[in-house]
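K.L.:
This structure is in structure tokens; I'll ask about it shortly.
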Amino acid sequence: MGRKSTFYDQQFRGSDWNPDHAGDFQPYLVFIAMSFSGQEMNEVYSAIKDECIRLGLRLVRVDENVGSGLIIQEIKDLIEQAEFIIFDLSRERPNVYYELGYAHGVGNEAQDILLLAKEGTTLHFDVAPLRVQFYRSTEHFRALVNTSMKEMIRITRR
């Protein structure tokens, strides 16, 4: 599951942080946490999916899984197993904030996580200091995802 160290160990140079430990994850797996409602969010998701396919990555959004599995368990497993995680903080969904906190707590590092939000989104206190990329349109969003994911792949797989 993830790395031994956590996001906070990395940021504050905690004793468990080891920059050379790549962690345990499923290569090419990307988990997305975002609001599922509305046409605009469907367009955002389609843009992410297209860019991930273009980069040879497999994107998973838990609401697309079939069967009657326990959703929170599937989310937990995906956060622990994904090579990369994308969070769209638009619409200020509590579940997205919760999942971001869990991702930090289980050892995903800054270069494993992409934070995005539509311009005008209010970031709450605990995430406001984090690097969040704001997008103006679906096309701008698409460009941010492509550029950021390429760099995240380069850093992670060096």
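Residues in the sequence shown are numbered from 38 upward in steps of one, following the numbering used here.
Here a beta-carbon is modelled for each residue, glycine too, at the ideal position from N, C-alpha and C.
All values derive from a computational prediction rather than experimental measurement.
Does the distance from the CB of Val103 to the CB of Cys89 come in under 9 Å?
P.N.:
no
K.L.:
Return the CA-CA distance between Arg128 and Thr158, expressed in angstroms with no decimal places.
P.N.:
7 Å
K.L.:
Closest to Glu117 by C-alpha separation, out of Arg91, Ala84, Gly142 and Asp125, would be which residue?
P.N.:
Gly142
K.L.:
Starting from Glu88, trace the alpha helix (DSSP H) both ways and give me its first and last residue.
P.N.:
Gln76 to Arg91
K.L.:
Nearest to Asp125 by alpha carbon, out of Lys113, Arg98 and Glu146?
P.N.:
Arg98
K.L.:
Could you pull out every residue in the same chain whose Cβ sits closer than 6 Å to the Cβ of Leu137, ignoring the five residues on either side in sequence?
P.N.:
The answer, listed in chain order, is Phe124.
K.L.:
So Ile85 packs on Val182, CB below 8 Å; how close in whole Å?
P.N.:
Correct: roughly 6 Å between the Cβ atoms.
K.L.:
Note the first and the last residue of the continuous alpha helix (DSSP H) segment covering Glu111.
P.N.:
Per DSSP, Glu111 belongs to the alpha helix (DSSP H) from Ile108 to Gln118.
K.L.:
Starting from Phe178 and walking both ways along the alpha helix (DSSP H), at which residues does that stretch end?
P.N.:
Thr175 to Thr193
K.L.:
What's the C-alpha gap between Gln153 and Leu94?
P.N.:
Checking the sequence shown, residue 153 turns out to be Leu, not Gln. Leu153 and Leu94: Cα-Cα distance of roughly 18 Å.
K.L.:
In whole angstroms, give me the CA-to-CA distance for Thr193 and Gln63.
P.N.:
12 Å
K.L.:
Return helix, strand or coil for Asp61, following the three-state DSSP convention.
P.N.:
strand
K.L.:
Using 8 Å for Cβ pairs, my map puts Ser83 next to Arg130. What's the rounded Cβ distance?
P.N.:
Their Cβ separation, rounded to whole angstroms, is 19 Å, which puts Ser83 and Arg130 out of contact at 8 Å.
K.L.:
Buried or exposed for Ile108, going by 16 or more other Cβ atoms inside 10 Å?
P.N.:
exposed
K.L.:
On the CB-based measure, 16 or more other CB atoms within 10 Å of its CB, does Asn79 come out buried or exposed?
P.N.:
exposed
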